[in-house]
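Under the working numbering, residues 9 to 237 are what the sequence shown spells out, in order.
Think of the CB as a built atom: it goes at the ideal place given N, C-alpha and C, for glycine as much as any other residue.
From a predicted model like this one, the values you see are computed outputs, not experimental measurements.
In what follows, a structure is listed as C-alpha cells, so that the remarks can point back to it.
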Amino acid sequence: MIRTVIFDVDDTLYSFHDADVHAKDALIAYTNEMFGWSGEEFMRRHKAAFEEILGVCGRSGGLRTRLIRYQTILERAGKPIHPHAMRMDGIYWETLLADIVPNEGVPEFMAYLKDRGIRIGIGSDAIALQQFSKLEKLGLMGFVDFMVTSEEVDIEKPAAHFFDRCLEKSGCLREEIVFIGDRCDKDYTGAVNAGFHAVLFDPEGRAPEEAKAVLHSFRDAAALIAQWE
9 MIRTVIFDVD DTLYSFHDAD VHAKDALIAY TNEMFGWSGE EFMRRHKAAF EEILGVCGRS
69 GGLRTRLIRY QTILERAGKP IHPHAMRMDG IYWETLLADI VPNEGVPEFM AYLKDRGIRI
129 GIGSDAIALQ QFSKLEKLGL MGFVDFMVTS EEVDIEKPAA HFFDRCLEKS GCLREEIVFI
189 GDRCDKDYTG AVNAGFHAVL FDPEGRAPEE AKAVLHSFRD AAALIAQWE
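Laid out in C-alpha cells, this is it:
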C-alpha cells in the first residue's frame, strides 16, 4: 500500500532547464548593459564563481544561494556589489518564476493522490524559500503536506540522511513511500538505497538500464503507482 508520494521539484514538476536559460538570458542582457559583457563572458564568469563557491562551501546552502554567486562574480570582476548583486538576483528569480508552468499531468496527479488520502511530500536539493516560491507559482503548494530541502538537512541527495528525514516526515513505512525525480544518480538511487519505491521521471526517453520504474509523462503516473497498491 502506498501512503506517501514524494516529488523532486526542478526538472520534475516543471522544466527548470528551459526557465533557467531564459533567466540567464535576462542576466546577460543586464550585465551587457551595465558592464559591456558578452553572453560568453558572463557564462564564463558564472562558471568560475560557481566553482569557487563549490570549493569553499561544498554542496551546502551557499552553493544553492544565487545571490552569493552574483556577489562572487562582481567581486572577481572588481565591480560594485551594490546595487548589482541584489538586482541580478531579483532579475534571475523574477524571470524564472514568470516563465514556469507545471509539467503536463502534474496537478491532476496530485489531485488524484489527495483524493485517495495519499500524503504528498517534496524532496529537493535547494533553498527552502526558492522552492516555496516555485511551488506557489506552479499552483501546487496547496497539495503539499511536507517538504525536505538540502538547506534543512545540510546535505544533498543521494545522502541517506536526506531520505531518512523524508521518511521521518512521511509518518509511514519505507515500503509505503514512492519517490519521483529526474536524476538517476540522486533521486532514483537515493530512494532505492533508502528502501523506497523509486520512479525516474524521464520525458526524453534516456533512462539508464538500472532505472526499473520510469515515468515519461505524469498523465501515466496514476497507473504506475497502482502497481504498488
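Just verifying my parser: in three-state terms, what is the DSSP assignment at residue i?
i, result
"ILE163", "coil"
"LEU181", "coil"
"ILE188", "strand"
"ALA206", "strand"
"VAL222", "strand"
"ASN201", "helix"
"ALA234", "helix"
"THR80", "helix"
"LYS87", "coil"
"THR73", "coil"
"PRO115", "helix"
"GLY63", "helix"
"ALA168", "helix"
"GLY35", "The sequence given here has Leu at residue 35, not Gly. DSSP places LEU35 in helix when its eight states are reduced to three."
"LEU143", "helix"
"ARG173", "helix"
"ALA215", "coil"
So, under 8 Å CB-CB, residue i and residue j are touching, yes? Tell me the CB distance rounded to an integer number of Å.
i, j, result
"PHE170", "VAL161", "5 Å"
"PHE226", "GLU112", "6 Å"
"GLU183", "GLY213", "No, GLU183 and GLY213 are not in contact; Cβ-Cβ is about 28 Å, not under 8 Å."
"TYR120", "ALA230", "5 Å"
Could you say which of the options lies nearest to residue i if we only look at CA atoms?
i, options, result
"GLU164", "ILE233, ASP133 and ASP28", "ASP133"
"LYS177", "ILE130, TYR22 and MET149", "ILE130"
"ALA234", "ARG95, HIS205, GLU212 and GLU217", "HIS205"
"LEU21", "GLY189, GLY66 and GLY47", "GLY189"
"ILE135", "LYS194, ARG173, GLY86 and ARG74", "ARG74"
"ASP18", "LYS220, ALA229, GLU116 and ASP195", "ASP195"
"ALA85", "THR39, ILE99, ALA199 and CYS65", "THR39"
"LEU137", "TYR120, SER158, PHE117 and ILE126", "SER158"
"HIS54", "GLU83, GLU41 and CYS65", "GLU83"
"GLY47", "ILE89, LYS220, LEU35 and ALA167", "LEU35"
"GLU102", "ARG72, GLY66, ASP33 and GLY125", "ASP33"
"CYS192", "GLU217, GLU59 and ARG52", "GLU217"
"ARG238", "ASP228, ALA219, VAL200 and ARG124", "Limits of the chain in this structure are 9 at one end and 237 at the other, which puts residue 238 out of reach."
"ALA57", "VAL186, ILE81, MET42 and LEU181", "ILE81"
DSSP beta-bridge partners for residue i?
i, result
"PHE154", "GLY129"
"LEU104", "Paired residues: none, contrary to the question."
"ASP18", "TYR22"
"THR12", "ARG127 and ILE185"
"LEU137", "For LEU137, which the question treats as bridged, DSSP gives no partner whatsoever."
Which same chain residues, not among the five before or five after residue i, have their C-beta less than 6 Å away from its C-beta?
i, result
"VAL222", "LEU208, ASP210 and ALA215"
"ARG173", "VAL156 and VAL161"
"LEU104", "ALA27 and ALA31"
"VAL114", "LEU21 and PHE226"
"PRO166", "LYS194, THR197 and GLY198"
"PHE187", "ILE14, ALA199, PHE204 and ALA206"
Apart from the five residues just before and just after residue i, which ones in its own chain have a Cβ nearer than 8 Å to its Cβ?
i, result
"ASP8", "This structure leaves residue 8 out entirely; the chain is present only between 9 and 237."
"LYS122", "ILE128 and PHE151"
"MET149", "PHE140 and LEU143"
"PRO110", "LEU21, TYR22, LEU146, GLY147 and LEU148"
"TRP45", "ILE36, THR39 and ARG53"
"PRO88", "LEU82"
Tell me which same chain residues have a C-beta within less than 7 Å of the C-beta of residue i, skipping the five on either side of it?
i, result
"TYR78", "ALA93, MET96 and ASP97"
"MET9", "GLU184 and GLU237"
"LEU232", "VAL207, ALA221 and LEU223"
"PHE117", "PHE226, ALA229 and ALA230"
"PHE50", "LEU35, ILE36 and THR39"
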